[in-house]
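Residue numbers (my numbering): 2 to 183.
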Amino acid sequence: MNSKQAAGISTDKLTPTMEDYLEAIYNLSQEKRVVRVKDIAKRLGVKMPTVTSMLKTLGERGMIDHEKYEYLELTRKGSDIGSEIDQRHQILKTFLTDILKIDHDQADKDACKMEHAVSPATLESIVEFMAFIENCPRGGNDWLELFTEYRKHGAPRDKCLERMKRFAHQYDAKIKDMERKR
């Protein structure tokens, strides 16, 4: 699934809480053979009656199949939406950890909040930016290392200019190498 698909499934005006439940159920169903109420409660840090109440709501919306005291399953619709929410989460978490160098635990928490609000266009731009950083001869690890150093120590404008001049030769060499490989 690409980011356009990940951002394009209609979520029928789900609340962030509903999305969290669908994502949790989706992930649990990928990890385990069966999903139980207590698994969801543990994953989300809520009480079992709270889960039961939400399952009723999700069932009424045609997103899960669940009988009281039985295992539950996502419907095709619920699975598609759960997968889409998880994809948004993973894209955002990757951006936060790999590009912005945010701590993994913090990035996971932030991605969980962001996944509910990010527009399809913004998500696609984030994916394209990550691809650009990865593929651009003037980007990549060198650029990310400079960004990390800047975040740690800051840098006056003149120091950044010095670095740009110093690394210009490296980038010229990368460009020539890429042109030779064409």
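Yeah, the Cβ is synthetic: ideal placement off N, Cα and C, and Gly gets one too.
Contact check between the region 64-82 and the region 17-25: three or more CB pairs, one atom from each, fall below 8 angstroms, which counts as touching. Relative to the Cα of N28, the nearest Cα in the group E61, K43, K14, T51 belongs to K43. If you look at H67, you'll find it in the beta strand (DSSP E) that goes 65-67. Contact between the region 111-130 and the region 84-94 is present: three or more C-beta pairs spanning the two stretches fall below 8 angstroms.
Straight-line spacing of the CA atoms in K69 and T149 works out to 51 angstroms. For E61, the number of other beta carbons within 10 angstroms of its own is below 16, and it is reported as exposed. Taking the Cα positions, K33 is about 12 angstroms away from I41. The continuous beta strand (DSSP E) containing L75 extends over residues 73-75. The C-beta separation of D66 from L73 comes to about 7 angstroms, placing the pair in contact by the 8 angstroms criterion.
Non-local beta-carbon contacts of I103 in its own chain, meaning distances under 8 angstroms to residues more than five positions away in sequence, involve L97, D111 in chain order.
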